[in-house]
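Student: After the structure tokens below, expect a handful of questions from me.
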Amino acid sequence: MPLPCQLCYEDATLVCSACKCARYCSEKCQKQDWKTHKKGCEFQQILNRVNEEHAAAPRARPSSKRCTGCNVKFSRDYPCEDECPDCGYVACESCACDSSSGTCYCPQSNFGRKYCSMEPKWYHTDGNGQAYRGDRHPETYPGEEYPDDIYEPEPRACNNCGEVTRVFKEKYRDHAYFS
Numbered sequence: 033m034p035l036p037c038q039l040c041y042e043d044a045t046l047v048c049s050a051c052k053c054a055r056y057c058s059e060k061c062q063k064q065d066w067k068t069h070k071k072g073c074e075f076q077q078i079l080n081r082v083n084e085e086h087a088a089a090p091r092a093r094p095s096s097k098r099c100t101g102c103n104v105k106f107s108r109d110y111p112c113e114d115e116c117p118d119c120g121y122v123a124c125e126s127c128a129c130d131s132s133s134g135t136c137y138c139p140q141s142n143f144g145r146k147y148c149s150m151e152p153k154w155y156h157t158d159g160n161g162q163a164y165r166g167d168r169h170p171e172t173y174p175g176e177e178y179p180d181d182i183y184e185p186e187p188r189a190c191n192n193c194g195e196v197t198r199v200f201k202e203k204y205r206d207h208a209y210f211s
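Counting from 33, one number per residue, gives the positions in the sequence shown under my numbering.
Here you go:
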């Protein structure tokens, strides 16, 4: 469903090319609203730049003294259960087995284990809630192989780990297929 025009509330088909937020149904409405929108547009552009810079900046490594998931302090009686070698995320036993708190910040893996070699799960995310959408070629055990029609017909390099193998067809990479 389209969002409404900033001025007349009809279905908007145009977006302000500067701030990418204000929506309009026509150039006429956009021009008519410019005096009102101009100040907000400039401010939104600044916010957009700040948000882009923040998103592009690498995350600081979390403290190794506390669980990144629940912030509990580690001790001899309550030790760190798992630590990601790449992003430094550390998890206590409770968070390591929890599907949401036990996901590190890495977009292609979880605690150093590549998502591409795992069966798709809803909690395979990049730490910001964005789902992993790359190739999948889960490890299988004898008697537990996936049907041939799930895989692409020819082996190729995985777009995550680079291993040349048979990968899942795109529609089977989504966790919903396995739920």
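Glycine included, C-beta positions come from ideal geometry on N, C-alpha and C.
Roughly how far, in whole angstroms, is the beta-carbon of asparagine 192 from the beta-carbon of tyrosine 147, given that I think they are within contact range, below 8 Å?
Tutor: Right, their Cβ atoms sit about 7 Å apart.
Student: Going by the beta-carbon positions, is the gap between arginine 93 and glycine 72 smaller than 8 Å?
Tutor: No, Cβ-Cβ distance for arginine 93 and glycine 72 is not below 8 Å.
Student: If we ignore side chains and look at the alpha-carbon of each, how far apart do glycine 166 and arginine 205 end up?
Tutor: Spanning the two alpha carbons is a distance of roughly 7 Å.
Student: Cβ atoms of phenylalanine 210 and proline 174: under 8 Å apart, would you say?
Tutor: Going by C-beta atoms, proline 174 is not nearer than 8 Å to phenylalanine 210.
Student: Going by C-alpha to C-alpha distance, which of Glu115, Thr157, Glu184 sits closest to lysine 97?
Tutor: Selected option, being the one with the closest Cα: Glu115.
Student: Is the Cβ-Cβ distance between tyrosine 155 and threonine 172 less than 8 Å?
Tutor: Result no, Cβ atoms of tyrosine 155 and threonine 172 do not sit closer than 8 Å.
Student: Glutamate 184 and lysine 201: beta carbons closer than 8 Å?
Tutor: Cβ distance < 8 Å, so glutamate 184 and lysine 201 count as in contact.
Student: Let me check understanding here. Comparing Cα to Cα, which of Asp109, Pro179, Thr100 lies closest to tyrosine 137?
Tutor: Measuring from the Cα of tyrosine 137, the nearest candidate turns out to be Thr100.
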